[in-house]
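*Asks:*
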Amino acid sequence: MNIILKHKTVYIVTLIAVTMFFSCDNRLSDVQKMGISENEPIGVAENLNLKQIDSGRVEAILISPKMLDYSNRAFAFNEFPEGINLELFEKGKKTATIIADYAMIYNKTNLIDLQGHVILATDTKDTLFAEQLFFDQSKQWVFTNRPVTFRTGLDKINGNGFDSDAKFEKAEVLEINGIITLDE
Numbered sequence: 003m004n005i006i007l008k009h010k011t012v013y014i015v016t017l018i019a020v021t022m023f024f025s026c027d028n029r030l031s032d033v034q035k036m037g038i039s040e041n042e043p044i045g046v047a048e049n050l051n052l053k054q055i056d057s058g059r060v061e062a063i064l065i066s067p068k069m070l071d072y073s074n075r076a077f078a079f080n081e082f083p084e085g086i087n088l089e090l091f092e093k094g095k096k097t098a099t100i101i102a103d104y105a106m107i108y109n110k111t112n113l114i115d116l117q118g119h120v121i122l123a124t125d126t127k128d129t130l131f132a133e134q135l136f137f138d139q140s141k142q143w144v145f146t147n148r149p150v151t152f153r154t155g156l157d158k159i160n161g162n163g164f165d166s167d168a169k170f171e172k173a174e175v176l177e178i179n180g181i182i183t184l185d186e
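Per this note's numbering, residue 3 is the first one in the sequence shown, and the count goes up by one each step.
In structure tokens:
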């Protein structure tokens, strides 16, 4: 009887140990996520001054008071709740300045969403004023379906939408509702 009790005890202990062994899941990503809410940013940067440099030349300078990093989400993005000031350069020459009250950069789609008093000014003095503006980094395309004012040369064009390549060589104001030609 004593031997049967020992075998049952060993059997029960083995069963518990095997159950515990297979029920434990050792995923590093789950451990890293512990204590981090998906609704909270995984990182915060303040007084941001980023420079993108290629072959020793500055291509872009991004200045922002605050950036929130939500790369812990399934659809990762960076948020600039206090706005951005972005200067773009080509071959060492400043080509454009973009200012916005708020911005979001979506990492997977390479789309930048600029909102609130958006101003895009080029080195040729073309200037776009908009409530919201999207920039597709992959296609180098700027667009919106919101009201805009576009200054080019002596013309000031108002409309509801804008579509253009990044260099404004194919700029088009959509649904034009007014053109004013300014005196020199």
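Even for Gly, the Cβ is constructed at its ideal location relative to N, Cα and C.
Do you know offhand how far Lys-110's Cα is from Asp-157's?
*Replies:* Lys-110 and Asp-157 have their C-alpha atoms some 37 angstroms from each other.
*Asks:* Out of Asp-125, Arg-75 and Arg-148, state which residue places its alpha-carbon closest to the alpha-carbon of Phe-131.
*Replies:* Comparing Cα positions, the closest option is Arg-148.
*Asks:* Going by the DSSP bridge assignment, what does Ile-182 pair with across the sheet?
*Replies:* Lys-158
*Asks:* Going along the chain, which residues of its own chain have a beta-carbon closer than 8 angstroms to the beta-carbon of Asn-162, five neighbours each way excluded?
*Replies:* The answer, listed in chain order, is Asn-147, Arg-148, Pro-149, Val-150, Leu-176, Glu-177 and Asn-179.
*Asks:* Tell me the rounded alpha-carbon separation between Lys-127 and Thr-154.
*Replies:* 7 angstroms
*Asks:* From the DSSP output, which residues share a beta bridge with Asp-165?
*Replies:* For Asp-165, which the question treats as bridged, DSSP gives the partners Phe-145 and Glu-174.
*Asks:* Since Gln-54 is in the beta strand (DSSP E), which residue starts that stretch and which ends it?
*Replies:* If you look at Gln-54, you'll find it in the beta strand (DSSP E) that goes 45-56.
*Asks:* Once you ignore the five residues that flank Lys-96 on each side, which residues in its own chain have a CB closer than 8 angstroms to its CB?
*Replies:* Glu-89, Leu-90 and Asp-125
*Asks:* Return the chain-ordered list of same chain residues with a C-beta closer than 6 angstroms to the C-beta of Asn-160, the five sequence neighbours on each side being excluded.
*Replies:* Thr-151, Asn-179 and Gly-180
*Asks:* Would DSSP call Glu-61 helix, strand or coil?
*Replies:* strand
*Asks:* Residues in its own chain within less than 6 angstroms of Arg-59 by CB, not counting five upstream and five downstream?
*Replies:* The answer, listed in chain order, is Gly-94.
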